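**Q**
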Amino acid sequence: MSNLSDLTISQAKELLLNRSISSVELTKFFFDKISNFKNLNCFITETFDQALKMSKISDEKYKLKKDIGLMEGIPIGMKDLFCTNQIKTTAGSKILKNFIPFYESTVSKNLWEEGAVLLGKTNLDEFAMGSANTTSFFGNVVNPWKSKNDIDKKLVPGGSSGGSASAVAADLCLAATGSDTGGSIRQPASFCGLVGMKPTYGRCSRFGMIAFASSLDQAGPITKDVLDSSIMLKSMCSYDKKDSTSSKMEIPDFPKIVKLGVKGIRVGIPDEYIVDGLNSNVNDNWQKGIEWLKSEGAEIIEINLPHTQSALPTYYILAPAEASANLARYDGIRFGLREIGKDLDEVYKNTRASGFGNEVKRRIMIGTYVLSAGYYDAYYLKALKVRKLISDDFSKAFEKCDCILTPTTPGVAFGIGEKQDDPLEMYLNDVLTVPASLAGLPAISVPSGLNDEGLPIGLQIVARPFDEETCFKAAFVIEQLSNFNKLKN
Amino acid sequence: MSIDNSVVKKIANLSKINLSEKESENLKHELNKILDWVDDLKKVDTKMVEPMLSVFNENMKMRDDKVELTNTDEILSNAPDKKENFFVVPKVIE
Amino acid sequence: MSYFIRGHESKWEVVLGLEVHAQINSLSKLFSPSSTGYGAEPNSQVNLIDAGMPGALPVINQECVKQAVITGLGLNAKINLKSIFDRKNYFYPDLPQGYQISQFENPIVGSGHLIIEAEEGTKKIGITRLHLEQDAGKSIHDQDFENSFIDLNRSGCALMEIVSEPDLRSPSEVSLYIKKLRSILRYLGSCDGNMEKGNLRVDVNVSVRRFDAELGTRCEIKNINSIKFIQQAIEYEARRQVKLIESGKIVEQQTRLFDSQKGETRAMRSKEESHDYRYFPDPDLPPLILEKKMIEDLKLQLPELPDKKKIRFIETYGIKKYDAEILVSEKEVAEYFEKLVSDRDPKMVVTWLTGELFSYLNKKNLDNPQSAISVEKFGELLDLINDGTLSNRLAKELFVEFIESNMSASELVKKKGMVQISDENEIINMIETVLDQNQKMLEEYRSGKEKLFGFFVGQIMKISNGKANPQMVNTLLTKRLKK
Ligand SMILES: [Mg+2]
Ligand SMILES: [Zn+2]
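Protein chains in written order, with the numbering used here: chain A, 62 to 550; chain S, 103 to 196; chain U, 2 to 484.
#1: Mark glutamate 273 of chain U as exposed unless 16 or more other C-beta atoms lie within 10 angstroms of its C-beta, in which case mark it buried.
#2: Going by C-alpha to C-alpha distance, which of A:Leu398, A:Asp453, A:Val421, A:Glu514 sits closest to proline 182 of chain S?
#3: For a cutoff of 8 Å on Cβ pairs, would you count phenylalanine 268 of chain A as touching chain U?
#4: Smallest Cα separation from glycine 127 of chain U: which of U:Asp145, U:Arg170, U:Lys198?
#5: Rounded to the nearest angstrom, what separates leucine 235 of chain A and proline 34 of chain U at their Cα positions?
#6: Can you tell me the Cα-Cα spacing of tryptophan 206 of chain A and leucine 216 of chain A, whole angstroms?
#7: Taking 7 Å as the limit between beta carbons, can you name the residues of its chain near leucine 432 of chain A, skipping five residues before and five after?
#8: For the beta strand (DSSP E) containing methionine 139 of chain A, list its first residue and its last residue.
#9: Starting from glutamine 521 of chain A, trace the beta strand (DSSP E) both ways and give me its first and last residue.
#10: Quick test of the definition: if touching needs 3 or more C-beta pairs under 8 Å, does the segment 356–372 of chain A touch the segment 17–30 of chain U?
#11: With distances taken between CB atoms, is the gap from alanine 274 of chain A to leucine 157 of chain A smaller than 8 Å?
#12: Could you compute how far the alpha carbon of lysine 309 of chain U sits from the alpha carbon of lysine 198 of chain U?
#13: Rounding to the nearest angstrom, what Cα-Cα distance links phenylalanine 146 of chain U and proline 192 of chain S in this structure?
#14: Is the separation between the beta-carbon of valine 203 of chain A and that of serine 227 of chain A shorter than 8 Å?
#15: Which same chain residues, not among the five before or five after lysine 180 of chain U, have their C-beta less than 6 Å away from its C-beta?
#16: List in chain order: all unbroken alpha helix (DSSP H) runs of 4+ residues lying wholly within the segment 134–187 of chain U.
#17: Taking DSSP as the reference, what is the three-state secondary structure of histidine 114 of chain U?
#18: Which of helix, strand or coil does DSSP assign to asparagine 64 of chain A?
#19: Does the segment 456–472 of chain A come close enough to the segment 520–537 of chain A to have 3 or more Cβ pairs within less than 8 Å?
#20: Compute the Euclidean distance between the alpha carbons of arginine 165 of chain S and serine 308 of chain A, then round it to the nearest angstrom.
#21: With a threshold of 8 Å, are at least 3 pairs of Cβ atoms found where one atom belongs to the segment 427–445 of chain U and the other to the segment 390–408 of chain U?
#22: Measuring only the C-alpha atoms, how far is methionine 473 of chain U from glycine 459 of chain U?
#23: Any heavy atom of ligand 2 closer than 7 Å to the CB of histidine 131 of chain S?
#24: Contact criterion: CB-CB distance below 8 Å. Does glutamate 10 of chain U meet it with respect to chain S?
#25: Do aspartate 95 of chain U and alanine 137 of chain U have their C-beta atoms within less than 8 Å of each other?
#26: Who are the near neighbours of valine 343 of chain A in its chain, counting only those whose CB is closer than 6 Å to its CB and skipping five residues on each side?
#27: List in chain order the residues whose CB is within less than 7 Å of at least one heavy atom of ligand 2.
#28: Kindly give me the distance between the Cβ atoms of alanine 280 of chain A and threonine 238 of chain A, rounded to whole angstroms, as I take these residues to be in contact under 8 Å.
#29: Are any of the Cβ atoms in chain A nearer than 8 Å to that of isoleucine 6 of chain U?
#30: Can you give the Cα-Cα distance for leucine 341 of chain U and leucine 74 of chain U, rounded to whole angstroms?
#31: Going by the beta-carbon positions, is the gap between phenylalanine 98 of chain A and proline 55 of chain U smaller than 8 Å?
#32: Would you kindly work out how many angstroms separate the C-alpha atoms of glutamate 292 of chain U and leucine 299 of chain U, rounded to a whole number?
#33: According to DSSP, is asparagine 26 of chain U part of a helix, a strand, or is it coil?
#34: Determine whether the beta carbon atoms of isoleucine 61 of chain U and serine 84 of chain U lie at a separation below 8 Å.
#35: Under 8 Å, do lysine 311 of chain U and alanine 325 of chain U count as touching if we go by C-beta distance?
#36: Can you give the beta carbon distance from isoleucine 539 of chain A to tryptophan 353 of chain A, rounded, assuming they're within the 8 Å contact cut?
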């Protein structure tokens with residue numbers, strides 16, 4: 062049992078099925094790991110009691126060989142953006158530091174129904190606003206990866222699902238949930254050498270997931286490999302009557318198709334993704350990715366996504382605008398933090414001043430501004446129109462190709478404290494992930510190599526709406542040919 | 103500089119966030135920088151483009167008119183101040 | 002132009018437009034399955050959506066959409082096949098999400114109209130639009146010195162906001178408009194229209210202008226809960242505006258409240274700061290797309306509305322326009338009338354219904370005649386009057402007692418021993434008795450003092466204890482005196 066650390070979901074399930082280990086044993090193993098790696102600050106809330114109860118139930122099912130779910134007995138982390146019944150849910154914010162929901166998010170409920178075991182609620186950027194997990198009220202998360210050149214330098218795990226990514230990378234759990242608004246699953250997955258899948262908008266229910274930008278938010282899995290990603294996504298998504306933007310599209314049996322290969326699949330390569338600041342190691346890795354897919358029978362096609370450079374500014378109008386309204390409910394009246402004031406207006410203003418961190422305030426302010434009288438047309442409406450152009454770019458590209466291969470991020474994990482002075486510099490982390498978010502497309506980040514410092518690089522595969530399958534197939538090929546799992550050790 | 107002190111004040115008021123002088127000053131600069139950057143969009147020709155409200159293309163599903171019971175204790179369970187099943191706030195003058 | 006405000010310099014016309022908030026008659030709320038029931042314990046009909054809890058999402062109630070469409074059709078309005086829900090952003094303790102889900106640029110119902118019978122005649126009042134939106138909760142401000150209390154039971158209930166064109170010109174037109182709108186809503190069943198319970202709430206936009214001048218600046222008076230107060234508020238507000246303008250000041254666009262105790266309007270404190278609602282499409286809700294077929298089907302199911310019913314009543318029953326207007330204003334009254342009038346004399350039915358029964362309903366504060374007396378019970382009474390068994394006068398005298406008793410009309414007549422005497426011989430006997438006792442009078446009558454006819458009738462009625470059939474007395478007495 063010495064190498065429980067390296068287990069994937071699929072491997073663990075095999076051991077559980079043939080009863081070489083029990084879920085309780087596995088779960089307890091992770092308790093120790095979590096306790097030993099507190100310095101990474103991955104978890105806001107640990108739920109060990111809950112986990113023991115859940116794993117015992119799973120063991121019972123394995124014993125009876127009855128009702129064994131896709132994630133039966135698998136200990137996971139849950140991003141603290143998903144409301145969990147009677148378990149504190151903070152969204153990484155002071156304003157919700159004592160909030161205890163009396164309801165369960167649909168994504169977490171689906172996972173429990175498939176037998177997953179909750180180890181704890183993972184740290185995140187406050188209200189999922191950030192790309193380095195530096196905006197959490199509960200402190201930075203540290204990436205377990207180290208630069209060869211500077212062993213002591215603490216690196217960011219990426220964000221906003223940084224706690225989830227770091228926890229999986231450090232083997233503190235077998236997998237974790239994330240949420241992605243502009244790259245918050247894919248970017249941390251890439252920084253931590255993991256697979257991060259953002260499904261098509263509407264695949265996973267948003268019910269009970271604390272909203273950042275409703276037209277963009279999507280839940281998804283962060284896992285150690287592509288097969289796990291497909292298993293966990295299948296467990297997470299469902300049509301949900303409680304979410305008006307939940308899709309009725311049939312949900313394929315993702316794990317079945319992962320290994321089918323890319324023969325005949327047309328892979329688009331967009332010129333426009335050679336952005337300023339694209340790291341040369343990353344660019345080289347991208348070229349390798351192209352070759353790997355080609356070698357497995359994919360057809361490589363040059364495509365154009367002409368409005369790519371407008372995506373980030375568009376995103377930084379739309380997401381804050383929606384956020385400014387979504388975060389209006391944090392007013393200190395029905396739940397959450399309340400600061401005192403001489404009248405109601407002061408209660409509001411003091412509560413929100415004290416409860417929100419700087420990045421959240423910045424985005425609320427920007428969002429309020431672009432929606433306010435006199436600026437709506439110039440900013441918000443304009444951005445909605447550019448969003449259409451960006452989406453149309455993809456539609457046109459998908460007439461020629463079946464998926465698009467790009468790097469996930471222009472660079473790799475950077476030091477904690479870097480890029481803090483200028484919000485714009487931080488925003489640029491998302492330049493390659495945001496376009497697919499704006500178009501609501503499925504996109505996966507798969508680890509594909511290491512840079513000169515030995516830090517992970519990720520490649521992104523974007524596909525047509527509801528074609529997660531092509532993402533998985535291409536990602537699996539890259540996973541195999543990059544030999545990432547060997548590189549890692 | 104499209105955002106001056108009075109605009110920061112106005113937005114902060116609409117957003118109901120108290121800002122210290124220093125915070126206001128910082129935010130003024132940051133917001134201006136961000137806005138200058140997003141101003142790039144003005145160059146994009148959108149004359150004939152329909153605004154995209156959502157990427158979600160399915161019709162809105164509707165619920166049947168059925169009642170589900172609710173629980174007062176649950177709804178009040180996180181309230182910072184409550185009395186006799188009411189949420190309590192400092193007095194509002196209309 | 003019958004209504005105007007007389008200022009120092011000139012006559013001022015009052016221009017009025019209405020925003021009516023009508024709560025939709027649905028079991029559950031617009032975007033949540035909590036109950037809409039009235040008068041429940043505080044915060045007992047509130048789920049996470051209504052309380053704006055983190056992660057809550059709205060899901061629309063089909064019934065509310067249907068009722069909005071039906072109401073649009075009843076207001077002769079265009080139904081928009083595509084409409085969009087927007088967020089209207091502002092902070093208020095009874096607005097849990099920090100925004101109200103409403104419809105801004107693309108409402109579910111576009112322009113329509115309704116007809117009122119104003120003094121000068123029939124007048125068409127334009128409806129600008131009807132949109133769906135969430136209601137807010139209730140804040141209670143007067144229970145405590147330091148605090149306000151928030152009850153979210155009403156939060157999220159479905160409202161139709163029905164906006165009129167500024168086509169109204171007097172408090173009485175406003176009153177007619179509200180009554181007509183309320184009547185249509187009740188016919189359609191989309192709203193109870195009960196102003197006291199707050200399920201019909203009226204905001205009035207008031208401005209004044211010199212005749213035929215451009216529109217003046219308007220003030221909105223919010224949430225006035227009776228037609229009487231609405232009329233008072235308009236009068237006060239119009240005079241206030243005239244005074245301001247004539248003294249060289251300007252009218253500021255404002256939201257104002259009506260203080261019914263003082264009979265004044267005053268600017269709302271909480272609305273003083275200029276509002277910037279930052280409307281934008283709610284990303285939680287896709288556009289609402291309606292099928293033509295659904296609208297066509299609803300159109301076919303639409304009930305006969307008051308205007309049409311009125312014309313039919315006039316044509317079918319030959320009753321006066323004024324009476325028809327009264328009969329159709331409440332759906333229940335119209336239905337009651339139609340049941341009652343079948344094979345009875347319409348004039349008699351109208352007289353009894355709008356006279357005796359209405360005054361009883363008024364006294365008891367009832368809307369529905371059926372709740373006071375069944376059609377069958379009332380009908381039997383009318384039949385007994387009609388065939389002469391019961392005199393009109395007696396029936397009126399005993400009407401209240403009759404309604405409140407369990408007796409049928411014939412039982413009442415029996416019990417009170419007041420079956421009308423319609424036996425010819427019996428009446429002739431009475432006539433003879435009276436003439437015998439009044440020989441002197443008879444002589445005077447015969448010598449030309451014909452006025453005495455009435456005296457004889459009176460005497461006959463007296464000795465019959467009022468039971469003699471008056472018509473028969475008349476006929477037989479005339480016959481006898483001619484001898
Ligand atoms: Mg209004
Ligand atoms: Zn309204």
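Just so you know, even glycine gets a beta-carbon here, dropped at the ideal spot from N, CA and C. A quick note: this is a predicted structure, and the numbers were derived from the prediction, not measured.
**A** With the structure as the only source:
#1: The predicted model places glutamate 273 of chain U with a pLDDT of 48, which falls under 50 and marks its position as unreliable; any figure quoted below should be read in that light. The C-beta of glutamate 273 of chain U has fewer than 16 other C-beta atoms within 10 Å across all chains shown, which makes the residue exposed.
#2: With distances taken between Cα atoms, proline 182 of chain S lies closest to A:Leu398.
#3: At least one C-beta of chain U is nearer than 8 Å to the C-beta of phenylalanine 268 of chain A.
#4: Nearest C-alpha to glycine 127 of chain U: U:Arg170.
#5: Each residue's alpha carbon lies about 37 Å from the other.
#6: Straight-line measurement puts the Cα of leucine 216 of chain A at about 7 Å from the Cα of tryptophan 206 of chain A.
#7: If we look at leucine 432 of chain A and ignore the five residues flanking it on each side, its Cβ neighbours are Ala382, Ser385, Tyr441.
#8: 136–140 is the extent of the beta strand (DSSP E) around methionine 139 of chain A.
#9: 517–524 is the span of the beta strand (DSSP E), which, as asked, contains glutamine 521 of chain A.
#10: These segments do not touch.
#11: Contact flag unset, no.
#12: Separation of lysine 309 of chain U and lysine 198 of chain U (C-alpha to C-alpha, rounded to the nearest whole angstrom) is 29 Å.
#13: Between the alpha carbons of phenylalanine 146 of chain U and proline 192 of chain S lies a gap of roughly 9 Å.
#14: In this structure, valine 203 of chain A sits near serine 227 of chain A, with a CB-CB distance shorter than 8 Å.
#15: Around lysine 180 of chain U: no qualifying Cβ.
#16: Here no run is fully enclosed.
#17: In this structure, histidine 114 of chain U counts as strand in the three-state DSSP scheme.
#18: Asparagine 64 of chain A: coil per DSSP, three-state reduction.
#19: Result yes; three or more Cβ-Cβ pairs closer than 8 Å.
#20: Computed Cα separation, rounded: 15 Å.
#21: The count of Cβ pairs closer than 8 Å, one atom from the segment 427–445 of chain U and one from the segment 390–408 of chain U, stays below three, leaving the stretches out of contact.
#22: Answer to the nearest angstrom: the Cα atoms are 13 Å apart.
#23: Between ligand 2 and the CB of histidine 131 of chain S, the shortest heavy atom gap is not smaller than 7 Å.
#24: The Cβ of glutamate 10 of chain U sits no closer than 8 Å to any Cβ of chain S.
#25: Yes, they are a contact pair.
#26: Apart from the 5 residues on each side of it in sequence, valine 343 of chain A sits with its Cβ closer than 6 Å to the Cβ of Pro468, Ile518 in its chain, given in chain order.
#27: Matched residues: U:Glu20, U:His22, U:Ser103, U:Glu134, U:Leu160, U:Glu162.
#28: Rounded, the Cβ-Cβ distance is 6 Å, consistent with contact.
#29: Interface residue (Cβ-Cβ distance to chain A less than 8 Å): isoleucine 6 of chain U is not classified as such.
#30: Answer to the nearest angstrom: the Cα atoms are 30 Å apart.
#31: No.
#32: Cα to Cα, glutamate 292 of chain U sits roughly 11 Å from leucine 299 of chain U.
#33: If DSSP states are grouped into helix, strand and coil, asparagine 26 of chain U belongs with coil.
#34: It is not a contact, given that the beta carbons lie outside the stated cut-off.
#35: Taking a C-beta distance under 8 Å as the contact criterion, lysine 311 of chain U and alanine 325 of chain U qualify as a contact pair.
#36: Right, the Cβ-Cβ distance comes to about 6 Å (below 8 Å), so this counts as a contact.
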